[in-house]
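Chains as they are written, first to last, in this note's numbering: chain A, 4 to 319; chain B, 4 to 319.
Protein chains: 2
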Amino acid sequence: MAAENDKSRLDDAARAGWLYFIAGHTQDEIAKMLQVSRASAQRLVSLCLAERLITFRLEHPIAACMELAARLKERFDLVHCEVVPADPAAPQAVAGIAERCANLLDSTLRSETPVIVALGTGRAVRAAVERVTPIDRPNHQIVSLVGNISADGSASFYDTVGRLADRTGARHYPMPLPFLMSSEDERNKMVRIEPIAKVKAVAAKADLRLVGIGQMDQKAQVHIDGFVTRDELFEMMRLGAIGEITGWAYDAKGRLLKAGTNKRLTSIPPEVPAKATTIGAAVGAAKVPAIAAALNGRLINGLITDEATARAILER
Amino acid sequence: MAAENDKSRLDDAARAGWLYFIAGHTQDEIAKMLQVSRASAQRLVSLCLAERLITFRLEHPIAACMELAARLKERFDLVHCEVVPADPAAPQAVAGIAERCANLLDSTLRSETPVIVALGTGRAVRAAVERVTPIDRPNHQIVSLVGNISADGSASFYDTVGRLADRTGARHYPMPLPFLMSSEDERNKMVRIEPIAKVKAVAAKADLRLVGIGQMDQKAQVHIDGFVTRDELFEMMRLGAIGEITGWAYDAKGRLLKAGTNKRLTSIPPEVPAKATTIGAAVGAAKVPAIAAALNGRLINGLITDEATARAILER
DNA sequence: TTCTCGCCTGAGCTATTGCTCATAGCTTGG
DNA sequence: CCAAGCTATGAGCAATAGCTCAGGCGAGAA
Chain A
4 MAAENDKSRL DDAARAGWLY FIAGHTQDEI AKMLQVSRAS AQRLVSLCLA ERLITFRLEH
64 PIAACMELAA RLKERFDLVH CEVVPADPAA PQAVAGIAER CANLLDSTLR SETPVIVALG
124 TGRAVRAAVE RVTPIDRPNH QIVSLVGNIS ADGSASFYDT VGRLADRTGA RHYPMPLPFL
184 MSSEDERNKM VRIEPIAKVK AVAAKADLRL VGIGQMDQKA QVHIDGFVTR DELFEMMRLG
244 AIGEITGWAY DAKGRLLKAG TNKRLTSIPP EVPAKATTIG AAVGAAKVPA IAAALNGRLI
304 NGLITDEATA RAILER
Chain B
4 MAAENDKSRL DDAARAGWLY FIAGHTQDEI AKMLQVSRAS AQRLVSLCLA ERLITFRLEH
64 PIAACMELAA RLKERFDLVH CEVVPADPAA PQAVAGIAER CANLLDSTLR SETPVIVALG
124 TGRAVRAAVE RVTPIDRPNH QIVSLVGNIS ADGSASFYDT VGRLADRTGA RHYPMPLPFL
184 MSSEDERNKM VRIEPIAKVK AVAAKADLRL VGIGQMDQKA QVHIDGFVTR DELFEMMRLG
244 AIGEITGWAY DAKGRLLKAG TNKRLTSIPP EVPAKATTIG AAVGAAKVPA IAAALNGRLI
304 NGLITDEATA RAILER
């Protein structure tokens, strides 16, 4: 009896679903066809969905990205996640995620109410800033999370804060410090001086932090860019460093190391767990362990990456 | 440029479609996520559908039936078509289509305004009548399209009109004639007498005709039931008869034959093309040519059959 | 460069859908 | 056989979606 009823009910649900999704009829029409009230027709359509009698298949590369993003968001409890299609021609290409980062910055900066945006390191972040749509928002504030004086004393080539300020008319707070100080004491002294304390204070109130994620291996960007020496890099690797965010090295579980260069870093340390929306932007197989660690350690609560990287992170 | 734009537009459409159909968000939410107006979000979802980026798959036997019905309806310009799942255990089973026929009768008879229902021959029609839900509709009229006196002079076992009248309280008009008269002259004489003319007049105004379809082969129901002799059957077959509706034999193109038993038939002839809603009800591989011919000749403008038969008709 | 054409956009309205609640019918247990 | 509980039903309302129209923006031609 029950089975018979259920079966005929599911049959009707399937019919209703077919008529609704495939034939494109309204529920009113379906109700008339199946000789039931509109409310019942609606229930049948719902049932068809609930029982998974009907499935949706999105035949488009984007579909996979959307699903990966949803899974990452779920798995790591993220406030924001975007996955862009990997460019087969250039697997490490930062263009795709930069576009999304720029979009994120755009929409954040579009707000009329003052917002504070903090920027970290990374090619994606730099490229993103270049793509931000100019807009006049003098009440916003842009703050740097990392020192923009490189080892040789010159201002860093990558003045992302300044560039973004140019495009928005926002006040900006570069960090007028070298990336690394020569000793822990000196670092501690410097971060207390007025201009730096001010930058720290602004950064602490940031509404959005956009940071790159670097891997700590022989091709670590912090080394290539000359911020840390080969020896410093190797020491950090020995200490378990697997990735870095704004120069702060962390291990495979996303714990910030309390030694080595981390003691002399002037960068504003990541909050753990990230309180403000902190979006990591990174792609590439080499960065997978670093990204995964940052996610697990909750150094970041948002991620913008590409399809291949997303898949690799989820498959670990 | 254009291609680039189109591509990104399709990407967005895919995103919107994914968020709408798979993630189950509202278009308002999607609009916010994609940073567009709700109207645009709606357009993206439409586009996703229009571009067939998304496809619906109904994993249920009913889905195939629905599609077959839609194709039959389209192909033969039918006012009504239903296809029921074939019962693998009993390929010739009439139960499925009888249930649908009964449902059709139910909904027709449910009307408060007087309707005229005409019934033909066939196991499905008989079984359908047995399943009709009793309802009190004294103003309806039920009329028989075929004589209910069999060759031996007794009232036919299959008094469908009477049974249906019992269940509805409707007036009914059986046809008090033998199926076949002994000659054309006699037939012409009989159909002019008052009670028969009355039945014809009512039948001509029928809102719904429900008829079985018989094949004209050695297992023809009209022969098995003893209405036509073996010789008569063979003669009709020689004349090209491939099927019959209410006894009226027609050829492979659905043209009524003007010879043989058709000259002595008392049944009310099918209107060609069918004016009233005329639903054929039949299943079985043997009946496929007969059904297809009836459809092509527009002897019927509606069909209730099963999956296997529907498929065979479409594949001819 | 400026004009024109045409597509895209957003506002606002209407149709459709989803949901809630009170009711009715059915099942199950006493 | 009756009563109690449960599920299904239909009315009505709030939310959502679809559509039309006027206006704007950009591409392409002069």
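All residues carry an ideal CB built from backbone N, CA and C; glycine is no exception.
| Asked | Found |
| --- | --- |
| Alpha-carbon spacing of A:D80 relative to A:R74, whole angstroms | 9 Å |
| Own chain, CB closer than 6 Å to A:A262, minus 5 neighbours either side, in chain order | L242 |
| Helix, strand or coil at B:V146 according to DSSP, with G and I counted as helix | strand |
| Three-state secondary structure (DSSP) of B:M239 | helix |
| Counted within 10 angstroms of its Cβ, other Cβ atoms place A:G38 as buried (16 or more) or exposed | Going by the sequence as given, residue 38 of chain A is Gln instead of Gly. That one is exposed. |
| Backbone secondary structure at B:M178 - three-state DSSP | strand |
| With 16 other Cβ atoms within 10 Å as the buried cut-off, status of B:E77 | exposed |
| For A:L148 and A:A206, believed in contact at Cβ under 8 Å, the rounded distance | 6 Å |
| Cross-chain neighbours of A:T58 in chain B, by beta carbon under 7 Å | R60 and E62 |
| Where A:A26 meets chain B, residues with beta-carbon distance less than 8 Å | M69 and A73 |
| Pair within 9 Å by beta-carbon distance, B:A295 and B:A121 | no |
| For A:S43, the nearest candidate out of A:I65, A:V135 and A:R12 (CA to CA) | A:R12 |
| Cut-off 7 Å between Cβ atoms - residues of its own chain near A:R140, not counting five sequence neighbours on either side | L112, T171, G172 and A173 |
| The segment 62-71 of chain A contacting the segment 276-290 of chain A, beta-carbon criterion three pairs below 8 Å | no |
| Rounded straight-line distance, which links the Cα of A:A315 to that of B:T308 | 52 Å |
| Cutoff 6 Å; reference A:E238; Cβ partners in own chain excluding five residues on either side | G263 |
| Contacts that B:S110 makes with chain A (C-beta to C-beta distance below 8 Å) | Q38 |
| Any chain A beta carbon closer than 9 Å to B:I65 | yes |
| For B:L108 and B:R126, the rounded distance between their alpha carbons | 15 Å |
| Neighbourhood of B:R166 by C-beta distance below 6 Å, restricted to the same chain and skipping five residues each side | V132 |
| For B:H83: DSSP bridge partner residues | B:G305 |
| Other residues of its chain near A:K320: CB distance less than 6 Å, five sequence neighbours each side excluded | Outside the modelled stretch of chain A, which goes from 4 to 319, sits residue 320 of chain A, for which no answer is possible. |
| Three-pair Cβ contact test at 8 Å for the segment 16-32 of chain A versus the segment 45-59 of chain A | yes |
| A:L317 (DSSP reduced to helix, strand or coil) | helix |
| Delimiting residues of the alpha helix (DSSP H) encompassing B:L259 | Looking at the DSSP string, B:L259 is not in any alpha helix (DSSP H), and its letter there is neither H nor E. |
| Top-ranked residue by Cα proximity to B:A200, from B:R55, B:I271 and B:C104 | B:I271 |
| Whether B:G246 touches B:A311 by CB criterion (9 Å) | no |
| B:V120 in three-state terms, based on DSSP | strand |
| Closer than 9 Å to chain A by CB, B:G20 | yes |
| Backbone CA spacing between B:Y176 and B:N299 [nearest angstrom] | 30 Å |
| Contained alpha helix (DSSP H) runs [length at least 4] in the segment 10-96 of chain B, N- to C-terminal order | 30-37, 41-53 and 64-78 |
| Contact belief for A:I2 with A:K290 at Cβ below 8 Å, rounded distance in angstroms | One cannot answer for residue 2 of chain A here, as it falls past the ends of chain A, which runs 4 to 319. |
| Cβ of A:L213 within 9 Å of any chain B Cβ | no |
| Beta carbon of A:N151 nearer than 9 Å to that of A:V164 | yes |
| Same chain, Cβ closer than 6 Å to A:A130, five either side skipped, listed in chain order | V97 and A101 |
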